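If you read the protein sequences in the order shown, they are chains H and Z. For what it's worth, the working numbering labels the leading residue of the first sequence as 76, then goes sequentially. For what it's worth, the working numbering labels the leading residue of the second sequence as 76, then goes sequentially. Don't be surprised by glycine CBs; every beta carbon is placed ideally from N, CA and C. A quick note: this is a predicted structure, and the numbers were derived from the prediction, not measured.
2 protein chains.
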Amino acid sequence: MNIRDIAKLAGVTHTTVSKILNNKGSISEETKKKVLAIIKKNNFYPSEAARRTSLGRGGEIAFVSSKYASPFISMVLEGVENSSYGTGKYEKMLSTYSTRGSSEIKDETFMKIASGRLADAVIVLALKPNEDAMKEFKKTGIPVILLESRMKGADSITVDNVSGAYDAVSYLAGSGRKHIAIIRGVTGNEEVGPVPHDREKGYKKAVTDAGLKADNNLLEEVIEYTFEEGREALDNLLARNKKTDSIFCAAGDMCALGVMQRAQELGIKIPQDISIIGFDDIPAASLVKPGLATVKQPVYELGKKAFEMAIDHAENRLLDTVNVVIKPELIIRASAG
Amino acid sequence: MNIRDIAKLAGVTHTTVSKILNNKGSISEETKKKVLAIIKKNNFYPSEAARRTSLGRGGEIAFVSSKYASPFISMVLEGVENSSYGTGKYEKMLSTYSTRGSSEIKDETFMKIASGRLADAVIVLALKPNEDAMKEFKKTGIPVILLESRMKGADSITVDNVSGAYDAVSYLAGSGRKHIAIIRGVTGNEEVGPVPHDREKGYKKAVTDAGLKADNNLLEEVIEYTFEEGREALDNLLARNKKTDSIFCAAGDMCALGVMQRAQELGIKIPQDISIIGFDDIPAASLVKPGLATVKQPVYELGKKAFEMAIDHAENRLLDTVNVVIKPELIIRASAG
DNA sequence: TTGTAGGCGTTATCAT
DNA sequence: ATGATAACGCCTACAA
Numbered sequence: 076m077n078i079r080d081i082a083k084l085a086g087v088t089h090t091t092v093s094k095i096l097n098n099k100g101s102i103s104e105e106t107k108k109k110v111l112a113i114i115k116k117n118n119f120y121p122s123e124a125a126r127r128t129s130l131g132r133g134g135e136i137a138f139v140s141s142k143y144a145s146p147f148i149s150m151v152l153e154g155v156e157n158s159s160y161g162t163g164k165y166e167k168m169l170s171t172y173s174t175r176g177s178s179e180i181k182d183e184t185f186m187k188i189a190s191g192r193l194a195d196a197v198i199v200l201a202l203k204p205n206e207d208a209m210k211e212f213k214k215t216g217i218p219v220i221l222l223e224s225r226m227k228g229a230d231s232i233t234v235d236n237v238s239g240a241y242d243a244v245s246y247l248a249g250s251g252r253k254h255i256a257i258i259r260g261v262t263g264n265e266e267v268g269p270v271p272h273d274r275e276k277g278y279k280k281a282v283t284d285a286g287l288k289a290d291n292n293l294l295e296e297v298i299e300y301t302f303e304e305g306r307e308a309l310d311n312l313l314a315r316n317k318k319t320d321s322i323f324c325a326a327g328d329m330c331a332l333g334v335m336q337r338a339q340e341l342g343i344k345i346p347q348d349i350s351i352i353g354f355d356d357i358p359a360a361s362l363v364k365p366g367l368a369t370v371k372q373p374v375y376e377l378g379k380k381a382f383e384m385a386i387d388h389a390e391n392r393l394l395d396t397v398n399v400v401i402k403p404e405l406i407i408r409a410s411a412g
Numbered sequence: 076m077n078i079r080d081i082a083k084l085a086g087v088t089h090t091t092v093s094k095i096l097n098n099k100g101s102i103s104e105e106t107k108k109k110v111l112a113i114i115k116k117n118n119f120y121p122s123e124a125a126r127r128t129s130l131g132r133g134g135e136i137a138f139v140s141s142k143y144a145s146p147f148i149s150m151v152l153e154g155v156e157n158s159s160y161g162t163g164k165y166e167k168m169l170s171t172y173s174t175r176g177s178s179e180i181k182d183e184t185f186m187k188i189a190s191g192r193l194a195d196a197v198i199v200l201a202l203k204p205n206e207d208a209m210k211e212f213k214k215t216g217i218p219v220i221l222l223e224s225r226m227k228g229a230d231s232i233t234v235d236n237v238s239g240a241y242d243a244v245s246y247l248a249g250s251g252r253k254h255i256a257i258i259r260g261v262t263g264n265e266e267v268g269p270v271p272h273d274r275e276k277g278y279k280k281a282v283t284d285a286g287l288k289a290d291n292n293l294l295e296e297v298i299e300y301t302f303e304e305g306r307e308a309l310d311n312l313l314a315r316n317k318k319t320d321s322i323f324c325a326a327g328d329m330c331a332l333g334v335m336q337r338a339q340e341l342g343i344k345i346p347q348d349i350s351i352i353g354f355d356d357i358p359a360a361s362l363v364k365p366g367l368a369t370v371k372q373p374v375y376e377l378g379k380k381a382f383e384m385a386i387d388h389a390e391n392r393l394l395d396t397v398n399v400v401i402k403p404e405l406i407i408r409a410s411a412g
């Protein structure tokens, strides 16, 4: 059943039906009503594929991340999703793509979206499209919105990691802590991005401003940001510096929760002996005892803003790139009491 | 840049290029190599839309759920995702759709997928497509795989909720508990599905088999399955029956965590005074103290199996519907000690 | 092995 | 207000 079948049933041509379907041109109320009735009766929906071929546009907004299953990612996605419906603009579908952590799949995905003209705008979370893909996006005029990363030629929305870290560490220092440790991800590598580095920068500034001095024995590096690594990190830190009285876990809450669990096993009191602040504000942070203080990423706002920018670009074809920086928020809970 | 431009550059016709792109017909190694080189050099990818129009198929697998941001949903999705790449079949993209809890958006989404021929198979999580949509899916031959729900004419994969509940409650009874309460979702309503009902059924059977008797004062109903509701549920239960010595929270772990937190506030010792078993095994369940015993939903397997069935159907056009039932697993942690 | 011609279901243009 | 015709970019019998 296609547009021509409907036309035949209504005694008009497919052109008329198409116009009605798209609210284009002028159609008499009468035929409009008649055709619409037939469309509804037959439960007819036009072929998305054909419509896209004809329009030369994909009609969807693509969301690309390294995987689906992460509280962080799905929160961002929820922000995108909500604003996509909130604005009443849900004629544009939201399609999600995951690169499964493989750089090969990543390249493939971007090229497919760009060259295959699948989407009208692409929102990318914590990933960098390669050069070829960016060229292609530019050529096809598909706007790219980078979340948590930055490239020239693309819009970006990033979290101010320096300031988030600074606030957290300043709070620890302000409550009298003298030996503030930091646990962070690997730095210096192009692949991992600037996040760990920025957080360390904020940490160092806060430590210095508080009149303390950064000490390499107070630095611990993790790779996967896991709960398990958090447990090990605490052991390592204590082995190197027994005076450690507080920890800023820039590697995220999951890792911080590992630290907490290990501390409790060792009979270390939180926050009396060691106070802890994490990063992200994952749901579990508020469920554990004591509650985990943390730097809350404005994930929801991130997604919301991204969608708005995507729509703006897709519709107005604005060509100037925008770089938005959002400030994260320090949330104090008992672990940093 | 389209298939004809590539052809021109290579000195062949677009037909040849198409054949090469799709590995169809016989092409000399030489021209193949030449054309492929030009394709790569120009970073050419065929238009997905046109290809779909032409083929009359969507070329993607659709995943529809009520929202994205839930640990449960994203775990299922991860299962789907992993097997989609694991089988090396990632030429088929995975597109996700969310209905935002709105039945209107739900209907719209399904009709768009079905009638717009967007997908070659649809995986639906805990949602029921309406009659019209099912008819359309049948007509277009798009297989539907229902997860956690069941309809005639569609494949389904469900969790054996009765047995999961039975195991949990039997464990509580086996450890000497005499007043076992249940917290479950609303039942009897078509919209909410059979899950709460099935879990209560398992609960009742276990209670009876243990020589105890079910008592309405030991039943508490929640609506949203939230942490907050769990807190209230405990208060309500204790108000009605002070002897409550254990709780099976069929309404999920999040709710069970609420119960635990409230219990700790009230100075009730877990598991000594009251032991608790939840349902789902969300990540936080193993992070809290004491660890939350729970019935682990085989979410990952659910997703995996769903994808496999989707592919089987999409490729072999099998028409017999299959109903798979997966048994959940009881995970004992300290809260049920 | 390669090319010609027609079809997929839309939308867009330009008459009528 | 409506319709005839072409265009979108791809796929694929079938003919060469």
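In the three-state reduction of the DSSP assignment, Z:Tyr-172 falls in the strand class, which pools E and B. Using beta-carbon distances, H:Arg-225 does not count as an interface residue toward chain Z, since no partner is under 9 Å. Nearest to H:Ile-257 by C-alpha distance, out of H:Ile-349, H:Lys-344, H:Asn-157 and H:Thr-174, is H:Ile-349. Taking the C-beta atoms as reference points, H:Pro-403 is found nearer than 9 Å to H:Val-370. Interface with chain Z (9 Å Cβ-Cβ cutoff): H:Ala-144 is included. In chain order, Thr-128 make up the part of chain Z whose C-beta sits under 7 Å from the C-beta of H:Ala-125.
H:Arg-79 counts as exposed, since fewer than 16 other C-beta atoms from the protein chains shown sit within 10 angstroms of its C-beta. Here H:Asp-310 is exposed. Its C-beta has fewer than 16 other C-beta atoms within 10 Å.
Contact annotation: the stretch 131-138 of chain Z touches the stretch 193-208 of chain Z, with at least three C-beta pairs closer than 8 Å. Interface annotation, Z:Val-363: in contact with chain H, CB-CB separation under 9 Å. In the same chain as Z:Phe-212, and ignoring 5 residues on each side of it, the C-beta atoms closer than 6 Å to its own belong to Ala-189 and Val-219, in chain order. Closest by C-alpha distance to Z:Arg-315, out of Z:Thr-396, Z:Lys-344 and Z:Asn-291, is Z:Asn-291. DSSP places H:Asp-182 in the uninterrupted alpha helix (DSSP H) bounded by 178-190.
Under the 9 Å criterion on CB atoms, H:Lys-210 is classed as interfacial with respect to chain Z.
Contact between Z:Glu-376 and Z:Gly-154 holds, with the beta-carbon distance rounding to 7 Å and staying under 8 Å. In the DSSP assignment, H:Asp-230 is bridged to H:Ile-220. A distance below 7 Å between beta-carbons, with the five flanking residues on each side excluded, links Z:Ala-243 to the following residues of its chain, in chain order: Phe-323, Ile-352, Val-370 and Leu-405. For H:Ala-381, the CB contacts under 7 Å within the same chain, skipping 5 residues up- and downstream, are Val-155, Ile-198, Ile-220, Leu-222 and Ile-232 in chain order. For Z:Phe-119, the C-beta contacts it makes with chain H under 9 Å involve Ser-190, in order along the chain. Taking a beta-carbon distance threshold of 9 Å, H:Thr-369 does not count as an interface residue toward chain Z. The beta-carbon distance between H:Thr-171 and H:Phe-119, rounded to whole angstroms, is 28 Å. This is too long to meet the 8 Å contact definition. Considered as a whole, the stretch 227-278 of chain Z harbours 230-234 and 255-260 as its complete beta strand (DSSP E) runs of no fewer than 3 residues, in chain order.
Taking 9 Å as the threshold, the shortest C-beta distance from H:Gly-133 to chain Z falls below it. In the three-state scheme derived from DSSP, where H, G and I count as helix and E and B as strand, Z:Thr-369 is classed as strand.
At a cut-off of 9 Å between C-beta atoms, H:Ser-410 does not count as an interface residue with respect to chain Z.
With distances taken between CA atoms, H:Thr-283 lies nearest to H:Ala-248 out of H:Pro-373, H:Met-150, H:Gly-263 and H:Ala-248. For Z:Lys-187, the C-beta contacts it makes with chain H under 9 Å involve Tyr-120, Glu-123 and Met-168, in order along the chain. As DSSP reads the structure, Z:Glu-211 sits in no beta bridge. Chain-ordered, the chain H residues with CB closer than 8 Å to the CB of Z:Glu-153 read Lys-142, Tyr-143 and Ala-144. Comparing alpha carbon positions, the residue from H:Pro-373, H:Val-374, H:Asp-356 and H:Gln-372 closest to H:Gly-366 is H:Asp-356. H:Asp-230 counts as buried, since no fewer than 16 other beta carbons sit within 10 angstroms of its beta carbon. DSSP lists no bridge partner for Z:Leu-341. In the three-state scheme derived from DSSP, where H, G and I count as helix and E and B as strand, Z:Val-363 is classed as coil. Chain-order list of chain Z residues neighbouring H:Ala-243: empty, with the shortest C-beta distance near 21 Å, by a criterion of under 7 Å. Under the criterion of beta carbons closer than 8 Å, H:Val-237 and H:Lys-276 qualify as touching, at roughly 5 Å. Here H:Gly-353 carries a strand assignment [DSSP, helix/strand/coil].
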